Each structure stands twice: as C-alpha cells, then as structure tokens.
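If you read the sequences in order, they're chains A and B. Quick note, the first sequence lines up with residues 0 to 87 if you use numbering that gives the first Met the number 0. Quick note, the second sequence lines up with residues 0 to 361 if you use numbering that gives the first Met the number 0. Where a beta carbon is used, it is the ideal one built from N, C-alpha and C, also for glycine. Please read all numbers here as calculations on a predicted model, not as lab measurements. To start, the structure under review is shown below, and the notes come after it.
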Amino acid sequence: MTLDLVLKRSPDAAYRVYDGQATIVLPSHASVHVLNPIGSFIWERLDGSASLSQILERVLDEYDITREAAEADLRQFVGSLLNQGMVS
Amino acid sequence: MSTPLDDLRNRNFSRAMPMNALFELTFVCNHACSFCYNCPTGQKEMNTQEVIDSLRKLADLNILYLTLSGGEPLVRKDFFEIAAAARQLGFAVRIYTNGYLIDEPMARRIKAVANPTEMEISLHGGTAATHERLTCVPGSFQKVVNAVRFLRQEGIKVNLKCPVTRNNQEEVLEMGRLAADLGASIIFDTVITPRDDGDREPVSQMSSNDFLERFWKDDAYRAARREDVPRPRVDHGDEAICGTGRSSLAIDPYGNIYPCVQLRRKAGNIRELASLRDMWKSSPVLIEVRQAAVDVAEKLKAVKNGDQCGFCMGVAELQMGDLMAVYPQVAVNAEYRAKAYEAWKEEHEGEDPGGVSTRCEM
Numbered sequence: 000m001t002l003d004l005v006l007k008r009s010p011d012a013a014y015r016v017y018d019g020q021a022t023i024v025l026p027s028h029a030s031v032h033v034l035n036p037i038g039s040f041i042w043e044r045l046d047g048s049a050s051l052s053q054i055l056e057r058v059l060d061e062y063d064i065t066r067e068a069a070e071a072d073l074r075q076f077v078g079s080l081l082n083q084g085m086v087s
Numbered sequence: 000m001s002t003p004l005d006d007l008r009n010r011n012f013s014r015a016m017p018m019n020a021l022f023e024l025t026f027v028c029n030h031a032c033s034f035c036y037n038c039p040t041g042q043k044e045m046n047t048q049e050v051i052d053s054l055r056k057l058a059d060l061n062i063l064y065l066t067l068s069g070g071e072p073l074v075r076k077d078f079f080e081i082a083a084a085a086r087q088l089g090f091a092v093r094i095y096t097n098g099y100l101i102d103e104p105m106a107r108r109i110k111a112v113a114n115p116t117e118m119e120i121s122l123h124g125g126t127a128a129t130h131e132r133l134t135c136v137p138g139s140f141q142k143v144v145n146a147v148r149f150l151r152q153e154g155i156k157v158n159l160k161c162p163v164t165r166n167n168q169e170e171v172l173e174m175g176r177l178a179a180d181l182g183a184s185i186i187f188d189t190v191i192t193p194r195d196d197g198d199r200e201p202v203s204q205m206s207s208n209d210f211l212e213r214f215w216k217d218d219a220y221r222a223a224r225r226e227d228v229p230r231p232r233v234d235h236g237d238e239a240i241c242g243t244g245r246s247s248l249a250i251d252p253y254g255n256i257y258p259c260v261q262l263r264r265k266a267g268n269i270r271e272l273a274s275l276r277d278m279w280k281s282s283p284v285l286i287e288v289r290q291a292a293v294d295v296a297e298k299l300k301a302v303k304n305g306d307q308c309g310f311c312m313g314v315a316e317l318q319m320g321d322l323m324a325v326y327p328q329v330a331v332n333a334e335y336r337a338k339a340y341e342a343w344k345e346e347h348e349g350e351d352p353g354g355v356s357t358r359c360e361m
C-alpha cells in the first residue's frame, strides 16, 4: 500500500466519537466497531482530503510513537479498513 | 467476557451520555390497532425543516442510534428526505413500521436512502385472520409477510415485534415459525401497556396466566423466545434499571422531548431549544428519572421475584401513578418467569444458567 493514497470513509458507515473512541456502525455488515484512540484519530482524518503520509505526520505530531511503529500500525489499520469496505 | 462495545456502552450508561433517540415522526397511521398507545392531540406535527433541524440537534448531542417511528413513519411524504438527512448527519438508522407500504421498490429505496441497521415490524398474529382482527386492515398480514421478504432480499435485518394478548397468544408458536421462515428475528412482549393518556383498556387484553406459564416454561416456546431459560437480572450494584433519560430519549411529532418512549414526562420542546446539551445536563425531569431508575433497581431487590421483573417506570407511572410501583402485568410475568427458572434449575441440577444484564434503552 502506498502512503500517497487518499482515502475516504464509506458513506455507509455511521459513527460517533465517545471519549476519543470512534464507534462505527456498518449496516451492510451488521457490525459495530469500537476503535482505540489512535485508530479513532486516523479514522476521523480519512475524509478524502489528506494522503496517508500526511495523516502519518499528524499521528507523529500527536502521539509519542516511533515513525516505524506508527507507519506499521497505520498500514495494518488502513488495510483492515479497506478489507472491510469501511474506506475507499 | 465484555467486548470494547460493551465497555463503551456501560461507560456511557454510567455517565448518562446518550447514544439512542426514538423519533416519532407522525401519529398518523394506516392501521387502527385497538391497543395502540399513541394519543394524538390534534396539534400541528413538525414539518420537514423542523424535523431536520431537530436531527441536527440530536447529532450535536452525539446520538448514534436513531429510530424513526410513528404512528406509521412511512406515511410521511417527506420520509425519504428525512431519512437521507439522518444518514447525512451520521446516524445509524432504525425504522419501526407496520410494513404495510413496503413493496419491492419501496424496500429498494429504503436500502438505498436510509440503509437502516435494522427494521422493526409489528406482527400481531400467525394467521391473517388474527393479525387483521387487531390491525382492522384487510390484507395487512400478507403485506407484512411480503415486506419482510422484500427487505430481506435487500439484505436488511428485520426484527418482528409482537405484543402478546389474549387474542393472539395461541399463535405465538406459529409466529415464531413464520419469523424463522422469513429470516427475521422476533420479540414477544407479554407486558401490555396502557395508552399514553392513561387509558387501561389495552391492559384488559393481556394474555392469560395459563398461557404465561406455558410461554415461560414449556420447551415448545423456548425456540420461539430464542432463549432456553428466563434468566434473572444480574445485580451490578447501583446501576439504573433502564436507560430512560440516561442513554436514550424520545421525541414526539410535536417536538416534545421525553426521557423515553414509554415515560411521557415532558422535559422540553426541541423546537424551542438552541441546543439539547444544556437541557440534557440540567433538566429536572431527566435528573429525577435517572435517579429513580437507580432507586427502583434497589427497590426491586426487596420485591418478590424482583430480579425477574422487566420493570418499566413509564408503565408504572401511567398505570399506578408512581414511577416505582410494581404493576400487575410485570408481577405476574415475573412470577411465571421465576417458576420456569426454578424448574429449569431442578432439571439441570448443578448447572448455572447465569444472569442477564440487558436493560431497556429505547
């Protein structure tokens, strides 16, 4: 996956953020996901305006985490969102 | 073992951060059910813009689950405009309908525009004769069956809801089979409630004790209920018995705000509020019912079969004039639930079926 990708949350996904945790409902899959704070931070920025590399920089600004770890987590997380049709 | 969603729901519940709203879009209905609890006042119902403005305020309150109800919500000509706005505002939408207007094109449109997490459809009998005796609309039974089929074809989850009365109690098993055949789940409610104006006539139609004993105890009904034994409520200490005014709220077609659909104490009018957030924190009505829900949980510990009471403060107030009074329908159901639970334990010596911590959050 290239970090130049610009992704957008699926319009199917209904969500709210409670205490920094995004709660996402996907009617088509009859599923509900609760993201951890970093996942929620990324999710809220997947609005079709920023590339994954730009979002990675925001994560590094916000959280005390190494670039390597943040990038690996971002790739894994976004890959999972893509697989589940939660972003496109 | 609890899931992250359970943990989040419990945290929000404890801190009275609401996640659910039920919006009665209209009291107009194309059925005439004799036990309907709605009591239209003749006031002007909210127009499209007022409803959409109200949805914005609910989104600002961080409501996630929005139930569009009625009356019959699909009779509103602007229903899909409202549903589209709800989706746009990020709600997970549920629709509570009698299904009468849902043909194949309508089911497709519901999927495309509202994309509901689930549809709830009323079912009043396992046969056309019984269902239609209660709805007073010829052909309405087949309309429900067709509606469920069309919605399932679209991949929409359907829950059938059946208030059980003397009139349909002998068709519960048939309704359970019908739901299974249609790929829908079904919920039987054996506690009939008075009308919102306090009229107790619907309560007189409550199912017989003989039926309740069978319903809660007999193997044949377990599949229909989709549970093996009526489990007692788990005691979580000072937890409220339900989410009224805590995790949920209800709005009627005139904009009046209530702690929940059953507890009709007006907390305000959404049309008159710039923001719901202040009202949610400071409303004396909401503060009182939240505390009452904690107090009643404590009170039920001292009531016979209290841990088997599916207690509703709204019904208690409407019927008994006291938020915390145990009303006959809940007491008799609790009695037969407790008997069934004891019988199950005798049959399964040494086994513990555990308890339930589910609570009403409508």
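Within its own chain, the residues whose Cβ lies closer than 8 Å to the Cβ of aspartate 188/B, once the five positions on either side in sequence are excluded, are Lys160, Cys161, Pro162, Val163, listed in chain order. Within the same chain, and ignoring the five residues on either side of asparagine 114/B in sequence, the residues whose Cβ sits closer than 8 Å to its Cβ are Arg86, Val92. In this structure phenylalanine 12/B touches arginine 245/B by the C-beta definition: roughly 6 Å separates them, less than 8 Å.
Listed along chain B, no residue sits closer than 7 Å to proline 36/A by beta-carbon distance, the nearest being about 12 Å off. What aspartate 11/A touches in chain B, judged by beta-carbon distance under 8 Å, is Asn114, going in chain order. Neighbours of glutamine 83/A in chain B, taken as residues at a C-beta separation under 9 Å, are lacking, since the least C-beta distance is about 16 Å.
The way I'd put it, the stretch 1-10 of chain B doesn't touch the stretch 49-69 of chain B; fewer than three beta-carbon pairs between them come closer than 8 Å. The beta carbon of aspartate 18/A sits closer than 9 Å to some beta carbon of chain B.
Glutamate 119/B: member of the beta strand (DSSP E) spanning 117-121, first to last residue. Excluding the 5 residues flanking it on each side, leucine 262/B has same chain C-beta neighbours closer than 7 Å at Thr243, Val288, Met312, Gly313, Glu316, in chain order. Listed by position along chain A, the residues whose Cβ is nearer than 8 Å to that of phenylalanine 90/B are Ala13. For leucine 275/B, no chain A residue has a C-beta closer than 8 Å to its own C-beta; the minimum C-beta separation is roughly 14 Å. Distances from the alpha-carbon of leucine 100/B to those of Ile185/B, Glu360/B, Gln318/B, Val143/B put Val143/B closest. Of all residues in the stretch 15-33 of chain B, only Met16 place a beta-carbon less than 7 Å from a beta-carbon of chain A. Non-local beta-carbon contacts of glycine 19/A in its own chain, meaning distances under 7 Å to residues more than five positions away in sequence, involve Pro36, Ser39 in chain order. Look at proline 162/B here: in three-state DSSP terms it is strand. Under the three-state reduction of DSSP output, glycine 267/B falls in the strand class. The beta carbons of asparagine 304/B and aspartate 195/B sit no closer together than 9 Å. Leaving aside the five residues that flank alanine 15/B on each side, the residues in its chain whose CB is nearer than 7 Å to its CB run, in chain order, Arg245, Arg289.
Fewer than three pairs of CB atoms, one per stretch, sit closer than 8 Å, so the stretch 66-84 of chain A makes no contact with the stretch 26-44 of chain B. At least one C-beta of chain B is nearer than 9 Å to the C-beta of serine 27/A.
Sorting Gln42/B, Pro17/B, Ala20/B, Pro352/B by C-alpha distance to the C-alpha of phenylalanine 26/B places Gln42/B at the top. Straight-line measurement puts the Cα of arginine 264/B at about 11 Å from the Cα of leucine 248/B. Taking a Cβ-Cβ threshold of 9 Å, the residues of chain A close to leucine 4/B are Thr22, Val31, His32, Val33, in chain order. Considering only Ser9/A, Asn82/A, Thr1/A, the residue with the shortest C-alpha distance to arginine 44/A is Ser9/A. One finds Ser27 in chain A with Cβ atoms closer than 8 Å to the Cβ of glycine 154/B, taken in chain order. Per DSSP, the beta-bridge partners of methionine 205/B are Thr164/B.
At a cut-off of 9 Å between C-beta atoms, arginine 225/B does not count as an interface residue with respect to chain A.
Asparagine 19/B is bridged by DSSP to Tyr64/B, Ser247/B. In the structure shown, the three-state DSSP call for leucine 80/A is helix. Taking a cut-off of 8 Å for Cβ pairs, the stretch 197-211 of chain B and the stretch 138-154 of chain B do not touch, as fewer than three such pairs fall below it. Going by beta carbons, leucine 21/B and tyrosine 14/A fall outside the 9 Å limit.
When rounded, the separation of the alpha-carbon atoms in leucine 59/A and serine 48/A is 18 Å. Here the alpha carbons of threonine 134/B and arginine 57/A stand approximately 58 Å from one another. Contact between leucine 211/B and valine 331/B holds: CB atoms are separated by about 6 Å, below the 8 Å threshold. In the DSSP assignment, histidine 32/A falls within the beta strand (DSSP E) that extends over 30-33.
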